[in-house]
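To start, the structure under review is shown below, and the notes come after it.
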Amino acid sequence: MLVSMKDMLQHALRDGYAVGQFNINNLEWVGAVLSTAQQCRSPVILGVSGGTVKHMLGLKCIHDIVVNAMEYLHIDVPVALHLDHGTSREACEAAIAAGFSSIMFDGSHLPFRENLAITRHLVALAHSKGISVEAELGTIAGSEDGIVNSEVIYADPQECYTLVTETQVDCLAAALGSTHGLYKGKARLGFTEMKAIAEQVKVPLVLHGGTGIADEDMRRAIACGTAKINVNTENMYAWCQQVKAIFAADTGTM
1 MLVSMKDMLQ HALRDGYAVG QFNINNLEWV GAVLSTAQQC RSPVILGVSG GTVKHMLGLK
61 CIHDIVVNAM EYLHIDVPVA LHLDHGTSRE ACEAAIAAGF SSIMFDGSHL PFRENLAITR
121 HLVALAHSKG ISVEAELGTI AGSEDGIVNS EVIYADPQEC YTLVTETQVD CLAAALGSTH
181 GLYKGKARLG FTEMKAIAEQ VKVPLVLHGG TGIADEDMRR AIACGTAKIN VNTENMYAWC
241 QQVKAIFAAD TGTM
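To convert, note that position 176 of the sequence shown is 176 in full-length UniProt numbering; the numbers rise steadily by one, no gaps.
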């Protein structure tokens with residue numbers, strides 16, 4: 001069965017590691033991520049973006065695919081099915097109704113008080129059903145579902161504290177230098193700010209844009225309070241390269 005992210009992230013924060021969120025983009029990705037998590041005996045978070053919801057025929061279809069795949073593959077490690085970057089109250093409520101075990105409300109594009117109010121509403125609704133909630137503050141650069149942010153805006157530490165305290169959200173994506181997509185050069189993360197925010201909010205932090213971040217920087221982020229790391233672009237690139245290689249090698253039939 002699907003589980004909330006709350007316990008797995010609290011355990012990761014306490015024991016000094018991070019749980020990976022890997023976005024699923026089709027049926028094959030569902031099987032690959034679940035099988036790898038089972039082989040590694042690792043908890044895992046399956047991320048679902050708004051774009052994926054459209055081309056995988058809706059939230060309920062995705063939920064049922066994942067649940068049936070877990071049964072077929074005999075998955076017994078903790079698995080959370082998580083709406084990634086839900087940008088509206090309605091999108092998050094729909095994911096809850098469809099059976100997702102976790103949601104992210106990304107209200108970073110809204111005025112702070114509006115972000116806080118919607119987050120508080122969603123936390124109350126989700127927690128009543130045992131579902132975890134991730135919130136976001138600041139601006140993560142790069143492209144996500146066709147929405148492009150050209151600059152990084154660091155999360156404000158006081159706003160982070162207020163949001164977590166007043167909403168009781170389970171984890172926080174505080175924008176601190178990471179980027180969706182491929183990095184141009186070395187990623188420059190705000191570790192000092194990350195550590196200070198983690199000490200204030202006392203909930204697991206989330207690092208978006210995990211592709212291209214050096215291993216040592218990931219370890220440092222974990223030491224600064226990060227307990228969830230999101231990866232998508234790296235897997236998409238590997239998938240595309242393999243498809244290209246198969247087509248190139250199969251000259252007789254393709």
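Just so it is clear, CB atoms sit at the ideal spot from N, CA and C, and this is done for glycine as well.
Where residue 58 falls, given that 16 or more other Cβ within 10 Å makes a residue buried: Burial call: exposed.
For residue 18, three-class secondary structure by DSSP: Three-state DSSP puts residue 18 in coil, outside helix and strand.
Three or more C-beta pairs below 8 Å linking the region 14 to 21 and the region 221 to 232: They touch, by the three-pair rule.
Chain-order list of residues whose beta-carbon lies under 6 Å from that of residue 37 (same chain, five-residue window excluded): Taking residue 37 as the centre and dropping the five residues before and after it, the same chain places the C-beta of 44, 77 closer than 6 Å to its C-beta, in chain order.
Option nearest residue 134 by Cα separation, candidates 158, 223, 81: Cα-wise, what sits closest to residue 134 is 81.
Unbroken beta strand (DSSP E) run spanning residue 47, endpoints: It spans 44 to 48 - the beta strand (DSSP E) in which residue 47 sits, taken as one unbroken run.
Coil, strand or helix - residue 176 by DSSP: Three-state DSSP puts residue 176 in coil, outside helix and strand.
Cβ-Cβ distance between residue 175 and residue 139 below 9 Å: If you check the CB distance, residue 175 and residue 139 come in under 9 Å.
Proximity of residue 126 and residue 153 at Cβ, strictly below 9 Å: No, Cβ-Cβ distance for residue 126 and residue 153 is not below 9 Å.
Minimum C-alpha distance to residue 120 - residue among 101, 97, 162: Nearest neighbour of residue 120 by Cα position, chosen from 101, 97, 162, turns out to be 162.
8 Å CB neighbourhood of residue 62 in its chain, flanking five on each side removed: If we look at residue 62 and ignore the five residues flanking it on each side, its Cβ neighbours are 24, 48, 52, 53, 56, 81, 98.
Option in 194, 209, 106 with minimal Cα separation from residue 169: Here the closest residue by C-alpha is 106.
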